[in-house]
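One structure is given below, encoded as structure tokens.
Number of protein chains: 2
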Amino acid sequence: MLPYEHFGYIGAMTDSPNDVTPDRLRKADALPPSDQHAQQYAAVRNAHETELLEDYVELIADLLEHQGEARSTDIAARMGVSQATVSKTVTRLKSLGLVSSKPYRSLFLTEKGEAMAAMSHQRHAIVLQFLRALGVNDRTARIDAEGMEHHVSQETLEIMQRYTREQGGRDA
Amino acid sequence: MLPYEHFGYIGAMTDSPNDVTPDRLRKADALPPSDQHAQQYAAVRNAHETELLEDYVELIADLLEHQGEARSTDIAARMGVSQATVSKTVTRLKSLGLVSSKPYRSLFLTEKGEAMAAMSHQRHAIVLQFLRALGVNDRTARIDAEGMEHHVSQETLEIMQRYTREQGGRDA
DNA sequence: GCTACAAGTTAACCTTGGCTAAAATACTGT
DNA sequence: ACAGTATTTTAGCCAAGGTTAACTTGTAGC
Chain W
1 MLPYEHFGYI GAMTDSPNDV TPDRLRKADA LPPSDQHAQQ YAAVRNAHET
51 ELLEDYVELI ADLLEHQGEA RSTDIAARMG VSQATVSKTV TRLKSLGLVS
101 SKPYRSLFLT EKGEAMAAMS HQRHAIVLQF LRALGVNDRT ARIDAEGMEH
151 HVSQETLEIM QRYTREQGGR DA
Chain B
173 MLPYEHFGYI GAMTDSPNDV TPDRLRKADA LPPSDQHAQQ YAAVRNAHET
223 ELLEDYVELI ADLLEHQGEA RSTDIAARMG VSQATVSKTV TRLKSLGLVS
273 SKPYRSLFLT EKGEAMAAMS HQRHAIVLQF LRALGVNDRT ARIDAEGMEH
323 HVSQETLEIM QRYTREQGGR DA
């Protein structure tokens, strides 16, 4: 079954009397020019390519920090994936120069990997904190942040950070 | 080259003196229990499965509305992808009962497809308007919305909608 | 009504990210 | 030290989403 089939959204929101969309937003309904549109999709496809890599590297960094080592069993458990899959992906991470390890041994990050992990971690944290500052429930915020983090631009991140700061200050 | 390599983010944000994260957020640093963590990733993988399908139906609906017909050339151009790819994906959409068409003819949405498109379109609009209400530049907002929309939960969507409403009212 | 070009399809290939099952290596306890 | 268990890797499978190149179908113009 496809997700939307049990996602009772339409009835709840269509033709809502609360639609106060200002006119300046109505233009959202027009199609952008083809080439710009294509670039939008390209950006998403592009993000997808690095998503998984970032997730791995981020997780490895977390494991190294919190448990002292990053074993593929743990990664498999945390990612909810088989160890074989982890092994294959790690091979790819190595070939990209993000991870290093000797066969059958625990994993480490290269400098490049650490840079990526740090960036990823920050982005993740900013998005998560932003969602919580907005008032999203912790559990939901974590799930949304995991999915959203790879698609949030630098510009938006900065705005989120500013918002969180102001909001955090307000109820502190 | 990987995207993060030209994304000068770390220097700008690490150890910022503006880190006023309240203590209640510090726990974000701890790893969640393995099984919960796994569910987060599973949710993301799940979203990925329907993402492309949603993008297609949404685009087809837009084309039907704005140009009267949805031809695969246009889809290919707007998605920035070859026609062969569109053809293959459309075959999949048909087998899922989302799209209908006779060979070599223009595409239509089934009821199921329309339902999905409507939901997708609303979600997209909410996220896009939210980002703009936050103060994100239009162009950036479009790109971010395209990527984020599939990862935003019902709960967060409602909060975004509320925020947009309040914010929209404020400067109207 | 035929010819030429545009649009759609099919075939053959690639990479990624899953899986299971089996083999190789490392670790642990007696 | 070595037997048994746990971990990691490898092999072989699959589907999705891309590609190019070749083929089919549709449509316009003369």
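Taken in order, these protein sequences are the chains called W and B.
Going by this note's numbering, the final residue of the first sequence carries number 172, and the count climbs one at a time with no gaps.
Going by this note's numbering, the final residue of the second sequence carries number 344, and the count climbs one at a time with no gaps.
A virtual CB, placed ideally from N, CA and C, is assigned to each residue, including glycine.
Quiz item: Taking Cβ-Cβ distances shorter than 9 Å, what residues in chain B pair up with Ile159/W?
Solution: Position 159 of the first sequence holds residue 159/W. Per Cβ cutoff of 9 Å: Leu303, Leu306, Gly307, Val308.
Quiz item: Since Leu63/W and Glu69/W are thought to touch, with beta carbons under 8 Å apart, how far apart are those beta carbons, to the nearest angstrom?
Solution: Counting from one through the first sequence, the residue named residue 63/W turns up at place 63. Counting from one through the first sequence, the residue named residue 69/W turns up at place 69. The Cβ separation is near 7 Å, so the contact holds.
Quiz item: Which value, in whole angstroms, describes the spacing of the CA atoms of Val44/W and Val152/W?
Solution: Numbered from its first residue, the first sequence carries residue 44/W at position 44. Numbered from its first residue, the first sequence carries residue 152/W at position 152. Using only the alpha carbons, I get a separation of about 10 Å.
Quiz prompt | Within-9 Å CB hit, Ile143/W to chain B | solution = The sequence position of residue 143/W within the first sequence is 143, counting from 1. Nearest CB-CB separation between Ile143/W and chain B: below the 9 Å threshold.
Quiz item: Can a CB atom of chain B be found closer than 9 Å to the CB of Asn31/W?
Solution: Taking the first residue of the first sequence as 1, we reach residue 31/W at position 31. Looking at the sequence provided, one finds Leu at residue 31/W rather than Asn. Contact with chain B is found for Leu31/W, since one of that chain's Cβ atoms lies less than 9 Å from the residue's Cβ.
Quiz item: So, is Glu149/W buried or exposed, given that buried needs 16 or more other C-beta atoms within 10 angstroms?
Solution: Translated into positions along the first sequence, residue 149/W becomes position 149. Of the residues assessed, Glu149/W falls on the buried side of the cut-off, its CB having 16 or more other CB atoms within 10 angstroms.
Self-check item: Rounded C-alpha distance that separates Ser272/B from Lys260/B
Solution: Here residue 272/B refers to the residue found at position 100 of the second sequence. Here residue 260/B refers to the residue found at position 88 of the second sequence. Each residue's CA atom was taken as its position, placing Ser272/B and Lys260/B some 14 Å apart.
Self-check item: Inter-residue spacing [alpha-carbon to alpha-carbon] between Val90/W and His238/B
Solution: Mapped onto the first sequence, residue 90/W falls at position 90. Mapped onto the second sequence, residue 238/B falls at position 66. If you take the alpha carbons of Val90/W and His238/B, they lie about 46 Å apart.
Exercise. Report back the beta-carbon spacing between Lys156/W and Thr328/B to the nearest angstrom; my notes put them in contact at under 8 Å.
Key: In the first sequence, the residue the question calls residue 156/W occupies position 156. In the second sequence, the residue the question calls residue 328/B occupies position 156. Sequence check: residue 156/W is Thr here, not Lys. Contact between Thr156/W and Thr328/B fails: their C-beta atoms lie close to 15 Å from each other, not under 8 Å.
Quiz item: Thinking C-beta only, is Tyr41/W closer than 9 Å to Gly252/B?
Solution: By 1-based counting over the second sequence, the position of residue 252/B is 80. By 1-based counting over the first sequence, the position of residue 41/W is 41. Annotated as proximal: Gly252/B and Tyr41/W, with beta-carbon spacing under 9 Å.
Quiz item: Which residue's Cα is closest to the Cα of Leu203/B: Ala77/W, Gln83/W, Pro32/W?
Solution: Counted from its first residue, the second sequence places residue 203/B at position 31. For Leu203/B, the closest alpha carbon among the candidates Ala77/W, Gln83/W, Pro32/W is that of Ala77/W.
Exercise. State buried or exposed for Ser244/B, treating a residue as buried only when at least 16 other CB atoms are found within 10 Å of its CB.
Key: As a working note, residue 244/B is residue 72 in the second sequence. The residue in question, Ser244/B, is buried, as its Cβ has 16 or more Cβ neighbours within 10 Å.
Quiz item: Are the C-beta of Ser325/B and some C-beta of chain W separated by less than 9 Å?
Solution: Counting from one through the second sequence, the residue named residue 325/B turns up at place 153. Yes - at least one Cβ of chain W is within 9 Å of the one on Ser325/B.
Quiz item: Quick one: Cα of Ile331/B to Cα of Leu96/W, how far?
Solution: As a first step, residue 331/B is located in the second sequence; it is residue number 159 there, counting from the start. As a first step, residue 96/W is located in the first sequence; it is residue number 96 there, counting from the start. Rounded to the nearest angstrom, the gap between the Cα atoms of Ile331/B and Leu96/W is 39 Å.
Self-check item: First through last residue of the alpha helix (DSSP H) which encompasses Gly147/W
Solution: Residue mapping note: residue 147/W aligns to position 147 of the first sequence, counting from 1. Element bounds for Gly147/W: 138-148.
Self-check item: Beta-carbon separation (whole angstroms), Leu281/B vs Ile232/B, contact threshold 8 Å
Solution: If you number the second sequence from 1, residue 281/B lands on position 109. If you number the second sequence from 1, residue 232/B lands on position 60. Between the beta-carbon of Leu281/B and that of Ile232/B there is about 6 Å, and that keeps the pair under the 8 Å contact cut.
Quiz item: Near Leu52/W, what residues of its chain come up, given a Cβ to Cβ distance below 8 Å and the 5 sequence neighbours on each side ignored?
Solution: Position 52 of the first sequence, counting from 1, holds the residue named residue 52/W. Excluding positions up to five away in sequence, the list reads Thr89.
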